[in-house]
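Participant: There's a structure below that I have some questions on.
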Amino acid sequence: GAVVSQHPSWVICKSGTSVKIECRSLDFQATTMFWYRQFPKQSLMLMATSNEGSKATYEQGVEKDKFLINHASLTLSTLTVTSAHPEDSSFYICSAAQGSISYEQYFGPGTRLTVT
Amino acid sequence: GENVEQHPSTLSVQEGDSAVIKCTYSDSASNYFPWYKQELGKRPQLIIDIRSNVGEKKDQRIAVTLNKTAKHFSLHITETQPEDSAVYFCAASPGGSTLTFGKGTMLLVSP
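Chains A and B supply the protein sequences, listed in that same order. When we follow my numbering, the leftmost residue of the first sequence carries the number 1460, and every step to the right adds one. When we follow my numbering, the leftmost residue of the second sequence carries the number 283, and every step to the right adds one.
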């Protein structure tokens, strides 16, 4: 149980275009979903926290107009990278928490974004 | 906010040896401390976690200890095997909220 999927697993896009990444909880309802970015040989950095039906809370330094997050249902959150640049190339990982006071986060497999 | 320091950044051991990774945290409100193993290009995999109401937890070859007074917690892997080679991350959370990760430890187990 507690499976989280992400789509796509990898994507290559041209500079200036937008790309959408989906995160789904397959067998549970995720009250809260988290989006992380991980550069090579670095740790996971939290970008934003999203709760179903409300606006995402972004971490300091993360541009909310560039990284659009939508948590439209209890099983789906999307991250859209708008006007992508090569420096946005990274490994994007989502996670989901079950319930409002769940301790454990269940991670998706990640999406490798390359901006050319 | 929370700040998690992790040491060492790299750790090389011989197969069969023990490995210890240490983390410190700053926020006394943190009460959940998971450890993750991440292989290259894969998702972080929870290997063990501990909550603040206990001081130690063990699962086969893996154990975690927590000292709330000193705000530090450690991962202990005994009888290491080559397949234990990966990057290990500690994290801290005030329960039901965001995780703050350490910078990671690359563990290399040589046969």
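For each residue, glycine too, the CB sits at the ideal point set by N, CA and C.
For chain A, is any of its Cβ atoms less than 8 Å away from the one on B:Lys340?
Facilitator: Taking the second sequence and counting its residues from 1, one reaches residue 340 of chain B at position 58. Closer than 8 Å: no.
Participant: Using beta-carbon positions only, say whether A:Ser1474 and A:Ser1509 come within less than 8 Å of one another.
Facilitator: By 1-based counting over the first sequence, the position of residue 1474 of chain A is 15. By 1-based counting over the first sequence, the position of residue 1509 of chain A is 50. Result no, Cβ atoms of A:Ser1474 and A:Ser1509 do not sit closer than 8 Å.
Participant: So does the stretch 298-310 of chain B actually touch the stretch 1540-1560 of chain A, counting three or more Cβ pairs closer than 8 Å?
Facilitator: Contact between the stretch 298-310 of chain B and the stretch 1540-1560 of chain A is absent, because fewer than three Cβ pairs lie under 8 Å.
Participant: Does the Cβ of A:Gln1497 have 16 or more other Cβ atoms within 10 Å, making it buried, or fewer, making it exposed?
Facilitator: Your numbering for residue 1497 of chain A matches position 38 in the first sequence. A:Gln1497 is buried by the Cβ-count criterion.
Participant: According to DSSP, B:Leu357 sits in a beta bridge with which residue or residues?
Facilitator: To locate residue 357 of chain B, count along the second sequence from 1; it is residue 75. According to DSSP, which records beta bridges pairwise, B:Leu357 is partnered with B:Ile303 and B:Val346.
Participant: In whole angstroms, give me the CA-to-CA distance for B:Glu297 and A:Trp1469.
Facilitator: The count along the second sequence starts at 1 and reaches residue 297 of chain B at position 15. The count along the first sequence starts at 1 and reaches residue 1469 of chain A at position 10. Each residue's alpha carbon lies about 34 Å from the other.
Participant: Go ahead and pull the three-state DSSP assignment for B:Asp341.
Facilitator: For the purposes of this step, residue 341 of chain B is taken as residue 59 along the second sequence, with counting starting at 1. B:Asp341: strand per DSSP, three-state reduction.
Participant: Considering only their Cβ atoms, is the gap separating A:Val1540 from A:Phe1526 smaller than 8 Å?
Facilitator: Position 67 of the first sequence, counting from 1, holds the residue named residue 1526 of chain A. Position 81 of the first sequence, counting from 1, holds the residue named residue 1540 of chain A. Yes. Within cutoff.
Participant: Look up A:Asn1510 in the DSSP assignment and give the residues it is bridged to.
Facilitator: For this step, residue 1510 of chain A is matched to residue 51 along the first sequence. Paired residues: A:Thr1491.
Participant: Buried or exposed: B:Lys340, going by 16 or more other Cβ atoms within 10 Å of its Cβ?
Facilitator: By 1-based counting over the second sequence, the position of residue 340 of chain B is 58. Exposed: under 16 other Cβ atoms inside 10 Å.
Participant: Taking 8 Å as the cut-off, decide whether the C-beta atoms of A:Phe1487 and B:Pro326 are in contact.
Facilitator: Here the question's residue 1487 of chain A lines up with position 28 in the first sequence. Here the question's residue 326 of chain B lines up with position 44 in the second sequence. Going by C-beta atoms, A:Phe1487 is not nearer than 8 Å to B:Pro326.
Participant: At a CB-CB cut-off below 9 Å, which residues of chain B make contact with A:Phe1487?
Facilitator: For the purposes of this step, residue 1487 of chain A is taken as residue 28 along the first sequence, with counting starting at 1. Within 9 Å Cβ-Cβ: nothing; A:Phe1487 doesn't reach chain B, min ~15 Å.
Participant: So is B:Asn313 buried or exposed if we call it buried at 16+ other beta carbons inside 10 Å?
Facilitator: Taking the first residue of the second sequence as position 1, residue 313 of chain B is located at position 31. It is buried - the Cβ of B:Asn313 has at least 16 other Cβ atoms within 10 Å.
Participant: Taking 8 Å as the cut-off, does the stretch 283-303 of chain B touch the stretch 1567-1575 of chain A (at least 3 CB pairs, one atom from each stretch)?
Facilitator: Not touching, per the Cβ criterion.
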